[in-house]
Amino acid sequence: MDKYLIVVLIFLVVTIPISFVEPSSGEIRDPPLIPLFYSAIAGIIIIFVYSTYKDKQERQKANAKRRSRK
Numbered sequence: 003m004d005k006y007l008i009v010v011l012i013f014l015v016v017t018i019p020i021s022f023v024e025p026s027s028g029e030i031r032d033p034p035l036i037p038l039f040y041s042a043i044a045g046i047i048i049i050f051v052y053s054t055y056k057d058k059q060e061r062q063k064a065n066a067k068r069r070s071r072k
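In terms of the numbering used here, the sequence shown opens at residue 3 and continues consecutively.
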């Protein structure tokens with residue numbers, strides 16, 4: 003996983019508790035920010051899918067290059 007994806011992933015993971023806790027006072031929000039929670043979860047899933055897809059493409063290119071040398 004690339005460095006910039008890891009940084010974005012960290013921000014998304016930190017966003018999850020922020021959706022349930024008020025950062026300024028530390029109190030639990032009475033109605034939690036559900037859209038913020040689900041958008042963070044969706045972002046994490048998208049990052050994992052993208053990084054898996056990118057790694058798969060790199061492996062396919064490496065395998066094709068290795069096969070062509072034989």
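Think of the CB as a built atom: it goes at the ideal place given N, C-alpha and C, for glycine as much as any other residue.
| said: Report the CB separation of residue 22 from residue 12 in whole angstroms; it is logged as a contact under 8 Å. | reply: Not quite, the Cβ-Cβ distance comes to about 18 Å (not below 8 Å), so this is no contact.
Can you give me the Cβ contacts of residue 3 inside the same chain, cut-off strictly under 7 Å, excluding the 5 residues immediately before and after it? The residues are 53.
- Query: Which residues share a DSSP beta bridge with residue 20?
  - Reply: None, per the DSSP bridge assignment.
### Task
Please name the residue, chosen from 19, 68, 70, 25, that lies closest to residue 42 on a Cα-to-Cα basis.
19
request  = Compute the beta-carbon to beta-carbon distance between residue 49 and residue 10, rounded to the nearest angstrom, for a pair I have assumed lies under 8 Å.
outcome  = About 6 Å separates the two Cβ atoms, so the contact holds.
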